[in-house]
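Colleague: For reference, the structure I am asking about is given below.
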Amino acid sequence: MNSLPHLLIDLLVIALFLGGIYQFRHPKGARLGNLTAAFAILAAYLLVLYRHEIMDPGWIVIAMAVGITTGWIVAIRMDMIQIPAMVAFQHGAGGVAVFLISFVELTRATSAYLSTLGKISGLLGLVIGAATFSGSMIASGKLANKLNQKPTILPRHSMLLLGIASIIFVLAMIAGRFESSGNPYLLTILVALSIFLGIIFSIRIGGADMPVLISFLNATAGFAAAFCGILIQNRLLVACGATVAASGSVLTHIMCKAMNRDLVKIFVGIQQKSNTVIEQKAPESAKSKAPETAAVSKNPNEENGILKAVTAMRNSKRIVIIPGYGMALAKAQFKVVEMAGRLQHMDKDVKFAIHPVAGRMPGHMNVLLAEADVDYDNLVELDDINPEFKETDLVVVIGACDVVNPAAIDATGTPISGMPILLAHEAKTVVVCNLDVTPGYSGVENPLYEMPKTIKLFGDAKDTVTQLMEAL
Amino acid sequence: MADLFIMMLVFFFSFFIGHIFISKIPQLLHTPLMSMTNAISAVTILGALLLFSVETTPLEKAIGVTAMAMATFNVVGGFVITDRMLKLFKKNTPKE
């Protein structure tokens with residue numbers, strides 16, 4: 001198993017994996033990249049079959065048939081807006097596989113020959129796998145709207161987390177000191193505790209922090225797989241696990257940067273404090289303001305607003321559309337893209353500006369708009385579009401709030417202060433199509449709404465855009 | 001010991017190269033990327049397969065079959081849905 005040819009073949013398969021990822025740097029090659037990686041998995045699978053004698057082929061065939069059928073059906077039927085929930089669920093499925101494998105490897109007779117590193121890796125795989133499983137299930141439930149989106153904070157939440165983690169650490173130390181084979185009861189308790197840890201960890205994170213959580217779970221799923229690989233002495237598993245861990249880490253970092261958040265603060269809940277303070281304040285002021293603003297702009301102004309917006313569109317040359325998750329919730333993306341197409345026909349330059357945290361997972365908004373047939377060249381990232389806003393005639397904000405909130409630049413001490421935003425307020429005219437004036441998830445009121453150049457169209461984004469289309 | 005060394009080398013090498021490659025991937029493709037790496041992380045299917053390389057007790061068999069089914073679900077679901085997503089990304093002429 002450790003001969004040179006084996007090593008070289010393994011390296012070749014690893015190179016295939018990395019080659020697949022490498023092709024993701026451009027949308028043109030990405031599909032081939034995905035197929036390359038899938039092929040690499042198949043090759044790795046066949047290699048293992050070739051190198052080892054496998055007992056019970058019948059059971060394996062049954063298990064795989066079940067996995068292939070369910071995986072295929074779910075993947076074919078999944079709606080693009082549910083992708084984040086699906087991905088989170090899959091992180092969980094990966095976690096289950098890891099802790100089950102680690103459990104068996106640590107308890108069976110062969111575990112007597114494990115090296116210290118093997119034992120440590122096995123225990124880490126067991127704990128991280130189980131925690132990833134439960135954490136992902138919670139995340140998936142939240143993303144699918146089956147669980148409460150708001151962070152659930154228990155009394156002494158951080159202490160509780162720290163307590164469970166310490167108990168797990170001590171138990172793992174005891175569980176690792178075996179001579180012949182691991183104690184199944186102790187390991188079962190360890191799994192149960194880790195599952196509990198994952199739940200406690202995940203319930204505290206919600207709303208706008210979900211992209212961070214899902215990226216983080218991506219990384220832990222990768223680490224768990226890599227540890228599992230060290231345990232069973234399989235280089236391919238180690239390599240793939242490490243690559244995925246790297247990917248999850250990079251995405252977590254990007255998401256944190258996009259929200260100007262510290263990872264530790266999100267997980268330890270420091271941000272939540274300032275958030276709740278603002279939230280308590282915000283509803284009051286929003287309540288006192290909302291009725292009058294809504295009354296003013298909703299009833300008498302609505303027709304006027306639509307008219308004003310349409311005139312602005314006609315007179316504009318360069319238009320930037322800023323979509324937020326509100327647009328996806330209203331399922332308005334198809335209408336919005338239709339409108340963009342019509343504007344393009346009127347010889348206008350229309351682009352979509354995508355904030356990194358628009359949507360529920362990294363890059364989610366791009367997928368939703370691509371599904372609605374937007375050319376990917378018209379989907380522009382924050383750093384590329386921001387210098388252009390000064391020359392932009394019209395910005396149309398659809399279902400987004402925090403990502404265009406100038407308070408992130410001007411105000412200090414709010415949850416979004418310092419967060420990079422799309423500089424919509426620098427454009428000549430702004431049209432806002434949001435449900436109402438209620439602040440976004442951060443709870444910070446948006447001064448953009450009060451600017452004289454802003455035309456506010458409140459109500460369901462789909463209805464609003466349909467009205468705009470009709471008037472256009 | 002040599003084995004251990006190679007394992008560590010493989011781990012850090014893959015993490016490092018993965019880090020470089022992934023930092024270059026545009027935001028546009030982050031969702032398909034995560035979906036694909038998710039499928040890749042289900043190489044644990046190899047681990048599940050290797051559970052069956054020695055005699056198994058009924059309990060081990062049950063656990064192994066579950067792990068196998070989960071990992072397969074993950075591999076197939078992950079790659080298929082990534083492909084579906086990537087198919088959506090295209091260049092098209094403005095439509096009427």
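These protein sequence lines are chains A and B, in that order. In terms of the numbering used here, the first sequence opens at residue 1 and continues consecutively. In terms of the numbering used here, the second sequence opens at residue 1 and continues consecutively. Each residue gets a CB set at the ideal place from its N, CA and C atoms; glycine is no exception. These numbers come from a predicted model, not from an experiment.
#1: Quick one: Cα of Thr220(A) to Cα of Pro415(A), how far?
#2: Could you tell me the boundaries of the alpha helix (DSSP H) in which Ile153(A) lies?
#3: Given this structure, state the Cα-to-Cα distance separating Trp59(A) from Ala97(A), to the nearest angstrom.
#4: Between which two residues does the alpha helix (DSSP H) carrying Arg235(A) extend?
#5: Which chain A residues sit within Cβ distance under 8 Å of Pro32(B)?
#6: Would you say the stretch 302–315 of chain A touches the stretch 457–465 of chain A, given that touching needs at least three Cβ pairs under 8 Å?
#7: With three or more C-beta pairs closer than 8 Å as the rule, is the stretch 84–91 of chain B touching the stretch 357–377 of chain A?
#8: Against chain B, does Arg314(A) count as a neighbour if the rule is that its beta carbon must be under 9 Å from one of theirs?
#9: Does the beta carbon of Asp209(A) come closer than 9 Å to any beta carbon on chain B?
#10: Determine the chain B residues that contact Glu388(A) at a beta-carbon separation under 8 Å, and present them in chain order.
#11: With 9 Å set as the bound, which would you pick, yes or no: does the beta-carbon of Thr180(A) sit closer than that to a beta-carbon of chain B?
#12: In the DSSP output, what is Glu371(A) paired with across the bridge?
#13: State whether the stretch 380–392 of chain A contacts the stretch 236–243 of chain A, with contact taken as three or more CB pairs (one from each stretch) at a distance under 8 Å.
#14: Any beta carbon from chain B within less than 9 Å of Ser215(A)'s own beta carbon?
#15: Within the present structure, is the beta-carbon of Lys90(B) separated from the nearest heavy atom of the ligand FAD by less than 8 Å?
#16: Around the C-beta of Thr252(A), are 16 or more other C-beta atoms found within 10 angstroms, so that it is buried, or is it exposed?
#17: Mind checking the stretch 7–28 of chain B against chain A and listing, in chain order, the residues whose C-beta falls within less than 9 Å of any C-beta there?
#18: Should Tyr50(A) go down as buried or exposed, given a rule of 16 or more other Cβ atoms within 10 Å for buried?
#19: Going by the DSSP bridge assignment, what does Pro323(A) pair with across the sheet?
#20: Pull up the DSSP beta-bridge partners for Glu381(A), would you.
#21: What does Phe79(B) touch in chain A if you count any residue whose Cβ is under 7 Å from its own?
#22: Can you name the residues of chain D whose CB is closer than 8 Å to the CB of Gln233(A)?
#23: Quick one: give me the first and last residue of the beta strand (DSSP E) that Lys456(A) is part of.
#24: Can you grab the Cα-Cα spacing for the pair Met137(A) / Ala88(A), in whole Å?
Modeller: Here's the rundown:
#1: 27 Å
#2: That residue, Ile153(A), is in no alpha helix (DSSP H); it is neither H nor E in DSSP.
#3: 16 Å
#4: It spans Arg235 to Ala258 - the alpha helix (DSSP H) in which Arg235(A) sits, taken as one unbroken run.
#5: Phe24, Ala30, Asn34, Gly363 and Val367
#6: yes
#7: Judged by Cβ distances under 8 Å, the stretch 357–377 of chain A makes contact with the stretch 84–91 of chain B, as three or more pairs qualify.
#8: Chain B has no Cβ within less than 9 Å of the Cβ of Arg314(A).
#9: no
#10: Per Cβ cutoff of 8 Å: no residues; Glu388(A) is ~17 Å from chain B at best.
#11: Residue 180(A) is actually Ser in this sequence, not Thr. No - not a single Cβ of chain B is within 9 Å of the one on Ser180(A).
#12: Partner(s): none; Glu371(A) has no beta bridge.
#13: no
#14: yes
#15: Looking at this structure, you won't find the ligand FAD or any other ligand, since it has none at all.
#16: buried
#17: Met7, Met8, Val10, Phe11, Phe12, Phe13, Ser14, Phe15, Phe16, Ile17, Gly18, His19, Ile20, Phe21, Ile22, Ser23, Lys24, Ile25, Pro26, Gln27 and Leu28
#18: exposed
#19: Answer is Ile398(A).
#20: Looking at the DSSP assignment, Glu381(A) forms a beta bridge with Ile354(A).
#21: Asn34 and Ala38
#22: This model lacks chain D altogether, as its protein chains are A and B.
#23: Thr454 to Lys456
#24: Rounded to the nearest angstrom, the two C-alpha atoms are 7 Å apart.
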